[in-house]
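Residue numbers (the UniProt record's numbering): 1 to 620.
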């Protein structure tokens, strides 16, 4: 059997480009793209992509050259997901919420040869081009005017539709991929944990397999109508830029996301599927409360762990939610919370709790594990023991562009795993639940506090619209939870803290609640916690002086208690899972009400020094 070779008949490099050619044959007259009054069929989309690919070659765009694009969810960006790799080049879709400095950093680092710019982003792009270092070779520039309502805006001589018309419609993509390990796209990380993103390189093989895995894991049938509420630049739209073509579906493109736009588009085009971050549910819930969609819409949600309470509210509007977990380095979603029929018999709150888990690996992920930091072994499947989520499979990136150190760190110094930097647990049924980012875990008095669990408790309070919890420096415990909250309606700090006390252990209750008009987020809805951590540090610095004066006064005015009382019943103040204050009541004075009161008073005051309002209670 070893003498049976690979040949053209039994081996074809894996690439998602074949999905477009197949759709053009099988679904030729079905609408491929709808954008306002403009629409295309799959035959037309295939032809337009062939034209653009041939024009790129005429512009001397060669194999592995980077083609960058700064654009919202418009037909041109969708077409580039096929046309650019058809020309052998690598597509780099840039986050549209980045400033000029960040865009310039990406253009310089990627050495982009061609830069497509949507007309709306010309000012940012112009500034970015001016910020390029003198040593950098500036890219060719082409403006993408609005195909539905042309503006005439230009930045240079090249324009997208003109490039389409110049191309050869007979330019077919056969044999354009000689090696499935060749790069297909370049995606920069979102910058939720740092200010400098890294460029993750995807392969044709990884993109192909990840696409198939996700449409199977989500059970997306043929001819779906897919609403582009998720940015295409985010992990190539979680691979649905290629996945919708694989299913012969219709892409409904919108430039921006709002509650009215989503409801209008769903009703007008009978949308069946969409993806989004949890923040989109907040948008839908805040505007026109109780407004249901006309028919069930399947929603794949990810980007940040959604609280169960939020999922339950979203399903009340007619959205059937499936939760996914992924990261830029894994070509989008790597875990999907696949639904089990037996869960249908459960109550709504319990179903939402199960759906809030990240789930099990998609088929392209060969293995996923949660490992202990201390032993590097698998954690217990008890839903409580936390460790780092690691995974491996064909969907994992090739590595970071021009960053061997970061690539080595992500791949665990050669241990065969992608280290995600996320903290999770494994439930007895094998489903993984993300508890935090490694950098977001709050270590308070030696106890690990999951910011996600605290946020879930906050979301149960009706007045809370959005919540994010980060570590705040604490003189005694090292760190303590600090909550940043966006309110739906009026509430004060004391009410929210009391709500948390009724649901969480004392060490997990936020010691500070900060109200904000809006949480800092990436364009995909992820909260930028590194910004909130900086705010929390500033709050701590501002409060240190006043706190020090208060503590000094309490200590100096504390009641006098004889320290050598005989052992008796132990009273203590409990915090952070540790005994921070303990004292003995002698059997011979337990009836001494005045002395007992003094001791309890002292305990209360000492606890207040450490920001613990619990009154000392008798130990069991």
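Here a beta-carbon is modelled for each residue, glycine too, at the ideal position from N, C-alpha and C.
- Contact check for residue 388 against residue 419 passes: the beta carbons are separated by less than 9 Å.
- According to the DSSP assignment, residue 501 belongs to the alpha helix (DSSP H) that extends over 493-501.
- Look at residue 243 here: in three-state DSSP terms it is helix.
- Just measuring C-alpha positions, the residue of 117, 110 and 125 sitting nearest residue 99 is 125.
- Counting along the chain, the unbroken beta strand (DSSP E) around residue 226 starts and ends at 225-227.
- Judged by beta-carbon spacing, residue 70 lies within the 9 Å limit of residue 121, meaning their Cβ atoms are closer than that value.
- Residue 255 carries a coil assignment under DSSP once its states are collapsed to helix, strand and coil.
- Assignment of residue 278 by DSSP, reduced to helix, strand and coil, places it in the helix class.
- In this structure, the alpha-carbon of residue 393 lies about 39 Å from that of residue 464.
- Residue 369 sits in a strand when the DSSP states are folded into three classes.
- DSSP, read as helix, strand or coil, puts residue 41 in strand.
- Secondary structure of residue 76 (DSSP, three-state): helix.
- Non-local C-beta neighbours of residue 224 in its own chain, meaning closer than 6 Å and more than five positions away in sequence, comprise 247, 249, 272 and 273, ordered along the chain.
- By the CB criterion at 9 Å, residue 206 and residue 401 fall outside the cutoff.
- In this structure residue 140 is in contact with residue 158, their Cβ atoms being roughly 7 Å apart against a cut-off of 8 Å.
- The bridge partners DSSP lists for residue 483 are 469 and 513.
- For the beta strand (DSSP E) assignment, the uninterrupted runs of no fewer than 3 residues enclosed by the segment 322-380 are, from N- to C-terminal side, 332-336 and 365-371.
- Secondary-structure assignment with DSSP links residue 459 through no beta bridge to anything.
- Going by beta carbons, residue 452 and residue 434 fall inside the 9 Å limit.
- The beta carbon of residue 537 sits closer than 8 Å to the beta carbons of 472 and 473 from its chain, once the five residues preceding and following it are set aside; these are given in chain order.
- With a beta-carbon spacing of about 5 Å, residue 332 and residue 239 fall inside the 8 Å limit used to define contacts.
- Residue ranges of uninterrupted beta strand (DSSP E) with 3 or more members, entirely inside the segment 52-111 and ordered along the chain, are 66-70 and 90-93.
- The C-beta distance from residue 514 to residue 475 rounds to 19 Å, too long to fall under 8 Å, and the pair is not in contact.
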